[in-house]
Structures are given as C-alpha cells and as structure tokens.
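In my numbering, the protein residues as written are 447 to 519.
Just so you know, even glycine gets a beta-carbon here, dropped at the ideal spot from N, CA and C.
None of the values given here were measured: they were computed from a predicted structure.
See structure below.
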C-alpha cells in the first residue's frame with residue numbers, strides 16, 4: 447500500500463497540521479479535523495494491512511543482496 451517514506455511523510459503532515467491548527471484554535475471545524483483524522487487512519491490501516499516478511503526470509507534476502515553487491519565489486 448504505502449512505503450515507509452510515504453508513511454513517515456503523511457505522519458509529518460498530520461503532526462504539523464495538528465500543531466498548526468491547534469495553535470490557531472480551529473481544530474473544532476470539521477473541514478480541518480476531517481482530513482487530519484483521515485490521514486491518521488490511512489497510516490494506521492497501512493500498518494495493519496502491510497504484512498512483514500518472516501525473519502528467515504528477510505535474513506536470506508539480506509544475505510543474497512550482500513553476495514550480489516560483493517560480486518559487483
């Protein structure tokens with residue numbers, strides 16, 4: 447769904463908009479709070495939906511990547 451960098455970017459936008467609109471005291475407006483909540487929910491759903499590779503497979507992929515990198519040198 448989303449990559450790690452996209453999730454971090456969305457988290458940053460949510461945090462900055464929460465702080466900015468909180469300082470302006472307009473978070474009670476649905477047009478402001480709605481997109482912030484939707485951004486937060488997108489990140490949370492992405493965490494739940496995204497399946498991690500099992501550790502054994504992940505370690506094997508790292509090993510293969512190191513082997514191919516050393517062969518290129």
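Inter-residue spacing [alpha-carbon to alpha-carbon] between residue i and residue j
i	j	result
residue 494	residue 488	10 Å
residue 448	residue 483	17 Å
residue 457	residue 463	10 Å
residue 455	residue 512	29 Å
residue 485	residue 478	12 Å
residue 440	residue 453	Absent from the structure is residue 440, since the part of the chain shown begins at 447 and ends at 519.
residue 474	residue 460	15 Å
residue 476	residue 496	29 Å
Nearest residue (CA-CA) to residue i, options the options
i	options	result
residue 451	492, 514, 497	492
Kindly confirm or deny that the stretch 505-514 and the stretch 463-470 touch, where touching means at least three C-beta pairs closer than 8 Å. no
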